[in-house]
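Okay, so here's the structure we're looking at.
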Amino acid sequence: MADEELEAIRRQRMAELQAKHGVRTKHELSREKDMRNSILAQVLDQSARARLSNLALVKPEKANAVENYLIQMARFGQLGGKISESGLIEILEKVSQQTVKTTTVKVSFSDVSCFWLIITNCHS
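Numbering follows the UniProt record's numbering, in which position 54 of the sequence shown is assigned residue number 54; successive positions increment by one, without gaps.
Okay, structure coming up:
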């Protein structure tokens, strides 16, 4: 077999494996992003899109959750028209209530003598 034939077989096999295991290409990711942006452009007015863009800069996870919520509502026909900024704020509040953030604080002492110093000062 020629090197070109082997390379073609390798590329074909790699494509099959990627498709089998769900690896998405840059083209697929770009197409998905374009579809999301298109749907959001249809359901949000300009001020709401600006607010969502600002949110994405600060809290990308929350912005993604809101985008998913809006896309789902649009697909099921639950939106009557374009959502204004105030409507988006209401949706943000709903999403914030549904997602509870917990904070855990762990204290670690690298030196046992430091730990005893703190305990003895607390009980004095």
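For every residue, glycine included, the Cβ atom is placed at its ideal position computed from N, Cα and C.
Measure the alpha-carbon distance for residue i versus residue j and round it to whole angstroms.
i: Leu79; j: Arg13; result: 44 Å
i: Glu7; j: Leu40; result: 41 Å
i: Ala2; j: Ile9; result: 11 Å
i: Gly77; j: Lys33; result: 21 Å
i: Lys59; j: Ala19; result: 32 Å
i: Leu92; j: Met35; result: 22 Å
Give me, in chain order, the residues of the same chain whose beta-carbon lies closer than 6 Å to that of residue i; leave out the 5 immediate sequence neighbours on both sides.
i: Asn37; result: none
Are residue i and residue j touching if we call contact CB-CB under 7 Å?
i: Asp45; j: Lys82; result: yes
i: Glu85; j: Ala48; result: yes
i: Ala63; j: Ala56; result: yes
i: Leu70; j: Val105; result: no
i: Arg31; j: Leu88; result: no
Check for me: the alpha helix (DSSP H) holding residue i runs from which residue to which?
i: Ile83; result: Where Ile83 is concerned, there is no enclosing alpha helix (DSSP H), given that its DSSP letter is neither H nor E.
i: Leu70; result: Pro60 to Arg75
i: Leu6; result: Asp3 to Lys20
i: Asp34; result: Lys26 to Val43
Excluding the five sequence neighbours on either side, which residues of its own chain have a C-beta within less than 8 Å of the C-beta of residue i, listed in chain order?
i: Thr99; result: Lys62 and Ala65
i: Ser124; result: With a pLDDT of 48 at Ser124, under the threshold of 50, the predicted position of this residue should be treated as unreliable, though the coordinate-derived value follows. There are no such residues.
Once you ignore the five residues that flank residue i on each side, which residues in its own chain have a CB closer than 7 Å to its CB?
i: Ala15; result: none
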